[in-house]
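In the numbering used here, the protein residues as written are 1 to 649. Heads up, the beta-carbon is just placed ideally off N, CA and C, and yes, glycines get one too. Worksheet for the structure shown next.
Okay, here's the thing in structure tokens:
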């Protein structure tokens with residue numbers, strides 16, 4: 001990753017909140033450690049596994065009723081179950097839970113956190129730009145997936161109504177829309193209290209689907225043979241075309257696998273591993289086997305094998321439980337979108353956005369523009385596709401694309417960071433790449449039937465992210481070319497301007513030269529404060545920064561100081577709070593006697609090398625609509641002076 005793309009002048013509030021390290025086993029008391037592990041595992045079940053946990057609602061049904069439906073016979077039923085099981089075992093258990101989770105950035109996971117880690121710890125940058133673009137594209141694909149997941153999960157759950165009460169078929173879409181709109185509208189109020197119920201509800205859900213699976217397996221125990229990998233091979237050998245298409249549906253069973261890695265910072269790797277291996281994987285396997293048993297015995301159950309597993313008396317409770325699980329899965333995706341957005345802003349790929357806290361501890365945030373953009377997109381998807389089966393044609397491309405990119409990032413980590421030998425790394429990487437390549441290729445067959453949607457969304461978001469990063473780099477370069485050396489400015493200004501009491505802090509995007517706000521202040525006001533601080537906020541390539549190394553100060557003489565404040569990319573960038581803990585500029589800071597001077601640049605698009613005119617205009621639009629720097633820095637509203645300037649790129 002290049003230095004220009006990663007640097008930024010500020011960042012928003014923390015999304016994930018402080019990590020409870022007791023959950024990962026650092027407590028000295030074995031009993032407390034066990035309690036922490038259990039608590040973390042239950043919490044992980046409620047937050048991390050919502051997406052992959054709700055896949056039984058639609059995955060097997062889509063395989064036999066979707067656009068490229070497989071023949072409903074033993075060959076294909078056993079083959080698809082074998083394919084799903086071994087995909088969960090290799091992709092989720094081995095790749096993500098066992099290997100990828102070792103590549104954490106101080107406990108944090110996800111594509112952007114991994115990019116920051118690679119940039120931080122590697123010396124060779126000749127391939128850096130390509131790695132950056134891959135990571136950014138994976139992030140763009142995530143946003144496309146975040147729009148589809150709530151729509152397909154909630155629709156699939158509510159469709160249980162038409163199974164148990166066919167006359168209510170017309171109510172499915174209105175009820176799904178009501179639930180989704182309500183879910184998005186409550187985001188601003190915060191979901192901390194509701195989130196406490198997520199874990200127990202999802203534990204109950206996984207236990208329930210496992211029990212239903214066991215009850216169905218008991219009717220036909222021979223279906224357990226479908227776990228053998230040879231059934232997937234036999235299906236391919238006997239029917240190569242349908243076997244290939246089956247991968248486009250089987251990927252639904254591992255949708256959400258990348259969330260295990262991205263959400264690692266919430267709970268730590270150990271609770272996630274325990275919950276996956278101890279409950280989630282067995283429950284999913286048993287439920288898929290139960291659905292297969294049902295289909296072998298009653299082919300007509302293909303209309304909705306998940307809900308038809310429930311015996312009389314348990315049908316409506318299952319519907320309620322599945323709907324709750326779908327809502328939880330959607331909530332997790334929305335929160336994840338906030339988290340990824342926060343990382344993208346911190347690392348310089350998105351403009352400043354308005355961030356609101358929804359908990360006193362700062363553990364949750366709300367990003368209005370992301371929330372309501374997702375809400376509109378999800379509503380349009382539900383109205384356009386009407387059924388979860390139709391939406392499955394859009395699902396999978398973004399997931400498999402992100403998985404493939406993760407392989408390439410993992411290759412860099414293995415070779416450059418872990419110093420694995422090629423003999424050890426290549427076989428494992430080859431296995432991951434081969435499987436993900438097959439899944440990606442199979443899902444490309446969905447493009448004409450709706451698969452174009454996540455690709456289009458991902459492409460648009462990719463253009464926005466890269467345009468912002470490139471535009472900021474060009475703007476900084478333009479401003480740097482016109483900068484006056486600070487030593488020259490001090491000699492000239494001290495003798496020509498009147499000094500007034502108090503402290504003036506000039507926010508500067510570059511740690512060199514004279515900020516434009518300071519130049520304009522001298523030009524128009526002809527005064528200097530007794531203490532002048534040139535402050536640059538830097539976001540480091542790690543999620544958290546210790547207070548001991550947060551501030552660096554250089555005394556420039558004549559009452560001038562240059563300061564840099566360092567924050568992690570998951571920390572709240574509260575400048576006043578950080579300044580009150582600093583006394584390295586002559587005396588402690590008092591907000592009552594401190595004024596903040598900000599520069600607001602207005603972009604003038606020009607026919608210069610660097611970016612096309614249309615991208616310059618797009619960047620200008622993004623710049624104009626960025627959140628207020630005053631809110632972004634958490635500056636006191638009555639202590640801010642903003643001065644404008646024009647910049648050509």
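For the pair residue 101 and residue 288, the CB atoms are not nearer than the 8 angstroms cut-off. Linking residue 330 to residue 51 through their CA atoms gives a straight-line distance of about 8 angstroms.
Around the C-beta of residue 342, 16 or more other C-beta atoms lie within 10 Å, and the residue is accordingly described as buried. Residue 563 carries a strand assignment under DSSP once its states are collapsed to helix, strand and coil. In this structure, DSSP gives residue 343 a helical state, which the three-state scheme calls helix. With fewer than three CB-CB distances shorter than 8 angstroms, the region 88-101 does not count as touching the region 393-402.
Of the candidates 352, 74 and 271, the residue whose Cα lies closest to the Cα of residue 42 is 271.
Along the length of the region 227-314, whole alpha helix (DSSP H) runs at least 4 residues long occupy 230-238, 240-250, 257-262, 264-267, 269-275, 281-297 and 305-308, reported in chain order. Across the structure, residue 249 and residue 375 are spaced so that their CA atoms are roughly 26 angstroms apart. In this structure, DSSP gives residue 581 a state outside helix and strand, which the three-state scheme calls coil.
Per DSSP, residue 175 is one residue of the alpha helix (DSSP H) stretching across 172-185.
Between residue 264 and residue 474, the CB-CB gap reaches or exceeds 8 angstroms. Sequence-distant Cβ neighbours of residue 443 in its own chain, meaning closer than 7 angstroms and more than five residues away, are 248, 251, 396, 397, 400 and 451. Counting only the Cα atoms, residue 337 lies some 21 angstroms from residue 178. Here DSSP, grouped into helix, strand and coil, assigns residue 354 to coil. Here residue 610 carries a coil assignment [DSSP, helix/strand/coil]. Ranked by Cα distance from residue 352, the options 522, 626, 548 and 513 are led by 626.
The beta carbon of residue 630 sits closer than 6 angstroms to those of 640, all from its chain and outside the five residues before and after it, given in chain order. For the pair of segments examined, the region 410-420 was found not to touch the region 163-177: the number of CB pairs separated by less than 8 angstroms stays below three. Under the DSSP assignment, residue 530 falls in the beta strand (DSSP E) whose first and last residues are 527-539. Counting only the Cα atoms, residue 465 lies some 39 angstroms from residue 588. Leaving aside the five residues that flank residue 305 on each side, the residues in its chain whose CB is nearer than 7 angstroms to its CB run, in chain order, 60, 61, 291, 294 and 295.
Under the criterion of beta carbons closer than 8 angstroms, residue 493 and residue 527 do not qualify as touching, at roughly 10 angstroms. Distance from the Cα of residue 634 is smallest, within the candidate group 623, 356, 617 and 574, for 574.
Under the DSSP definition of a beta bridge, residue 498 partners with 527. Burial state of residue 223 is buried, judged by a 10 Å Cβ sphere holding 16 or more other Cβ atoms.
Inclusion of residue 54 and residue 153 in the CB contact set at 8 angstroms is warranted, their separation being smaller than that value. The DSSP-derived three-state label of residue 133 is helix. Rounded to whole angstroms, the gap between the alpha carbons of residue 372 and residue 140 is 17 angstroms. In this structure, DSSP gives residue 644 an extended state, which the three-state scheme calls strand. Your pair residue 226 and residue 81 checks out as a contact, with CB atoms roughly 4 angstroms apart and the cut at 8 angstroms. About 12 angstroms separates the beta carbon of residue 206 from that of residue 324, a gap too long to meet the 8 angstroms contact definition.
Annotated as distal: residue 91 and residue 539, with beta-carbon spacing of 8 angstroms or more. Taking each of 280, 489, 592 and 623 in turn and checking the Cα distance to residue 89, the smallest one comes out for 280. Cα atoms of residue 377 and residue 148: separation of roughly 8 angstroms, rounded to the nearest angstrom.
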